[in-house]
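**Q** In the UniProt record's numbering, the protein residues as written are 1 to 227. Positions of the beta carbon are idealized from the N, C-alpha and C atoms, including for glycine. All values derive from a computational prediction rather than experimental measurement. One structure is given below, represented as structure tokens, and several questions about it will come after.
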Amino acid sequence: MKKVKSVLFGSMALLILASGCSTVNKMNRTEKGAVIGTAGGAAAGAIIGKVAGNAGLGAIIGAVVGGAGGAIIGRNMDKQAEQIKQTVPDAKVERVGEGIMVEFNSAVLFKVNKFDLSDQSKESLNKLITILNTYPDTDIEVQGHTDSTGTKAYNQTLSVNRAIAVANYLLDHNINSARVTTKGYGPDVPKYPNATAEGRAQNRRVEFIITANEKMQQEAKQQAGQK
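Written out as structure tokens, the structure reads:
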């Protein structure tokens with residue numbers, strides 16, 4: 001069985017690599033879930049996320065449970081994602097596999113080249129925090145991203161500082177620190193074309209990657225009778 005899963009993973013990874021990131025980006029939620037179920041694990045996440053130019057997708061794949069347990073987690077995430085959509089209109093919300101990606105354009109949260117949160121941005125984050133506190137059995141990765149203008153070193157530092165600023169705000173509002181991690185990607189993982197002003201503006205973003213924590217994963221497996 002282990003050998004079969006290894007072969008399946010290798011085949012899927014090669015297929016995605018051969019197809020290029022445009023194929024991955026065009027996948028709908030069901031198709032992405034199929035990839036995740038077939039090629040689960042951190043290694044799959046790293047490969048697919050890199051090829052897709054989507055670090056959030058990679059993080060979700062890396063946290064996959066799969067099988068019937070994964071389906072239970074998926075239903076939980078469906079409910080949470082719908083509540084975020086209804087409650088946080090400033091954010092883009094995407095359900096992928098067993099996780100949720102919540103994207104804030106940096107213009108919503110920060111002034112140009114700044115990483116201190118404005119009063120308006122805090123209002124948006126407060127709405128998201130209400131939902132995150134309703135679902136305590138999830139992990140939250142806060143990712144900072146920039147466009148390609150300016151030096152890479154400057155953008156990397158800015159992305160890290162923005163991710164940390166947002167994460168600290170979560171911690172100050174009763175989000176358990178054990179749930180939260182931060183990553184700054186600078187300009188390295190663009191989701192939009194940097195060739196246009198509109199694309200660069202969209203690449204200046206902060207993303208929340210919401211996945212099941214170990215407790216939720218174990219409970220889902222137990223419910224499904226899955227080892």
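Would you identify the three-state DSSP class for A178, choosing helix, strand or coil?
**A** If you number the sequence shown from 1, residue 178 lands on position 178. It is helical.
**Q** So, is D139 buried or exposed, given that buried needs 16 or more other C-beta atoms within 10 angstroms?
**A** The residue labelled residue 139 in the question sits at position 139 within the sequence shown. Buried: at least 16 other Cβ atoms inside 10 Å.
**Q** Could you work out which residue in T146, V102 and T149 is closest to K127 when comparing CA atoms only?
**A** For the purposes of this step, residue 127 is identified with residue 127 of the sequence shown, where counting begins at 1. With distances taken between Cα atoms, K127 lies closest to V102.
**Q** Three-state secondary structure (DSSP) at G66?
**A** The residue you call residue 66 lines up with position 66 of the sequence shown. In the structure shown, G66 sits in coil (DSSP, three-state: anything other than H, G, I, E or B).
**Q** N105 lies in the beta strand (DSSP E); which residues open and close that run?
**A** Working through the sequence shown from its first residue, we reach residue 105 at position 105. Where N105 is concerned, the enclosing beta strand (DSSP E) stretches over G99 to N105.
**Q** Would you call the CB atoms of S124 and D172 closer than 8 Å?
**A** Counting from 1 along the sequence shown, the entry for residue 124 is found at position 124. Counting from 1 along the sequence shown, the entry for residue 172 is found at position 172. No. Outside cutoff.
**Q** Is T211 helix, strand or coil by DSSP?
**A** Here residue 211 is taken as the residue at index 211 of the sequence shown, counted from 1. Here DSSP, grouped into helix, strand and coil, assigns T211 to strand.
**Q** If you pair each beta-carbon of the segment 205 to 225 with each one of the segment 131 to 148, do three or more pairs fall below 8 Å?
**A** yes
**Q** Who does Q143 pair with in a DSSP beta bridge?
**A** Taking the sequence shown and counting its residues from 1, one reaches residue 143 at position 143. DSSP lists K183 and E207 as partners of Q143.
**Q** Using a 10 Å radius around the Cβ and a threshold of 16 neighbouring Cβ atoms, would you call V88 buried or exposed?
**A** As a working mapping, residue 88 is identified with position 88 in the sequence shown. Buried: at least 16 other Cβ atoms inside 10 Å.
**Q** Pull up the distance between the alpha-carbon of T151 and that of L117, whole angstroms please.
**A** Here residue 151 corresponds to residue number 151 of the sequence shown, with the count starting at 1. Here residue 117 corresponds to residue number 117 of the sequence shown, with the count starting at 1. Taking the straight line joining both Cα atoms gives about 23 Å.
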